[in-house]
Structure formats: structure tokens, C-alpha cells
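Note sheet for the following structure.
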Amino acid sequence: MAGIAKNSVVTLDYTVTDIDGIPVDEGREPLIYLHGGYDDVFPQIETALEGKSAGESIIVNLQPAEAFGEYDADLVRIESVDAFNEPVEVGMQLEQTENGNDLVFTVTDVAEGKAVLDGNHPLAGMALVFEGTVISVRPASEREIKAGKSMATVR
1 MAGIAKNSVV
11 TLDYTVTDID
21 GIPVDEGREP
31 LIYLHGGYDD
41 VFPQIETALE
51 GKSAGESIIV
61 NLQPAEAFGE
71 YDADLVRIES
81 VDAFNEPVEV
91 GMQLEQTENG
101 NDLVFTVTDV
111 AEGKAVLDGN
121 HPLAGMALVF
131 EGTVISVRPA
141 SEREIKAGKS
151 MATVR
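The sequence shown begins at 1 in the UniProt record's numbering and counts up one residue at a time.
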């Protein structure tokens, strides 16, 4: 295959850092995705990878709006711990449906009988740097194209 194009299955080694170089995702497992607008990776990453072949690398700077969104203070709530059916601990995740949207809230603090719930993605509001090296590229199968995702497993 000449290079990454629509309906290619791409395998990448990658790391994601904040703008100060502090790792936020060290990519312990390779990223395998179906290229071509299937929403498996951010569009800026797909654009940077277009035409690349095995062994080539990219660096993509992502602003918050291009990654996990701006931090939304309206998604932070304080609730009484008595409102829960189980003991509440920092790090717990709770799902809630609002206006037809599924939201995941993470408990970020518990004090004085109150729990702070944050519905933002943990990386919301952060500018990120994605560094990736293409390990392999292959044409997607008809099944993968129909499913809109790679059926590959991590090596």
C-alpha cells in the first residue's frame, strides 16, 4: 500500500503529552484505527497521517477545542453523599442521562458530607501534543468498512 488513505487500517505507537511535555497517555498499547473519517481519532491527527507509510512519524498540537473540549464549569456539581446508594470515594465514576445524553461524572473530592462531581473529560481544557509513529498500514476488509472500525487486535 502506498500510504495511509481512506479505508486503511493504521497501527501507531504514540504518546500524548501536555504542552509542558508531561505525559498524559503513554500509549502502552498501539493505537489501531480505521482511517477516513470514522471518528476513531481526532481529525487533525488523521490529516497529519494522510499519505504516511510505516516508519514515518507525526507531531500534532491540539488545542482544547480540537481534542476533549474546553473545561465547562457547568458540568461540576456538589451533591450530598446521602444522595448515593453506596459510599462515595474520589475516583468513582457515575453515569447519568440528561436530555438524552449519557454523561459520566467523576467524583473529584469528598468532604464534610458533600461530593464534588465533574462531568468534564479529565483532559478537557488542556492543549495536547500527539506524537505518533506508523507501525503498519493495510487495506481495511469489507467487514471493517461496513462496521466503521478496525477488527484488529493489539499485537
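Here a beta-carbon is modelled for each residue, glycine too, at the ideal position from N, C-alpha and C.
- Distance from the CA atom of L117 to the CA atom of G125, rounded to whole angstroms, is 17 Å.
- Listed in chain order, the beta strand (DSSP E) elements of length 3 or more contained wholly in the UniProt domain "PPIase FKBP-type" (7-78) are 8-18, 23-25, 31-34 and 57-62.
- Secondary structure note for K114: its beta strand (DSSP E) is the uninterrupted segment K114 to D118.
- When DSSP states are grouped into helix, strand and coil, E95 belongs to the strand group.
- A direct Cα-Cα distance of roughly 21 Å separates H35 from R28.
- Bounds of the beta strand (DSSP E) holding E131 are L128 to P139.
- The beta-carbon separation of V137 and G3, rounded to 7 Å, stays under the 8 Å limit for a contact.
- In the structure shown, A111 adopts extended strand secondary structure according to DSSP, grouped into three states.
- Relative to E112, the option among G21, N99, T15 and V81 whose CA is nearest is V81.
- Rounded to the nearest whole angstrom, the C-alpha separation of G148 and Y71 is 29 Å.
- Nearest neighbour of H121 by Cα position, chosen from F130, I135 and D102, turns out to be D102.
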